[in-house]
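A quick write-up on the structure given underneath.
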Amino acid sequence: MKMNHALVYNLYGIIFFASMYYLLAQSEVEEHFVGLGKTSTVLDFIYFSTAIQGTIGGFGDVRPQTQTAKFVVSVQQLFVIVGLSRLTHIY
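Each number in our numbering corresponds to the 1-based position in the sequence shown with 646 added.
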């Protein structure tokens, strides 16, 4: 994977998962996150997605609290690992 492909891969991942976090935060059923909710801005969701994409974890100010949210965060982390392994030709 070339460097520009890696950048596009990561940007798409950040935007896709920020959208997923937004949809989860709009849920009427339960609060999926501590620090993200219905009044959060688009930048808040991009910030959280970028924190997950750039590290394995976050900064602690926003965190998942339901099984559904934890699953989506885990999928994003696997997305990062697969992308890095493709970038470094591990698999």
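Positions of the beta carbon are idealized from the N, C-alpha and C atoms, including for glycine.
On a predicted model such as this, the values are computed, not experimentally measured, just so you know.
Nearest residue (CA-CA) to residue i, options the options
i, options, result
"Gln672", "Ala715, Phe679 and Lys684", "Lys684"
"Thr714", "Leu669, Val728 and Ile698", "Leu669"
"Ile661", "Gly681, Ile692, Arg709 and Thr712", "Ile692"
"His678", "Ala652, Val708 and Asn656", "Val708"
"Ser686", "Tyr667, Val675 and Arg732", "Tyr667"
"Ile698", "His735, Ser720, Leu730 and Glu674", "Ser720"
Status (buried if at least 16 other CB within 10 Å, exposed otherwise) for residue i
i, result
"Val654", "exposed"
"Phe717", "exposed"
"Ser695", "buried"
"Tyr658", "exposed"
"Leu682", "buried"
Identity of the residues DSSP links to residue i by a beta bridge
i, result
"Val679", "The sequence shown places Phe at residue 679, not Val. Phe679 is bridged to Pro710."
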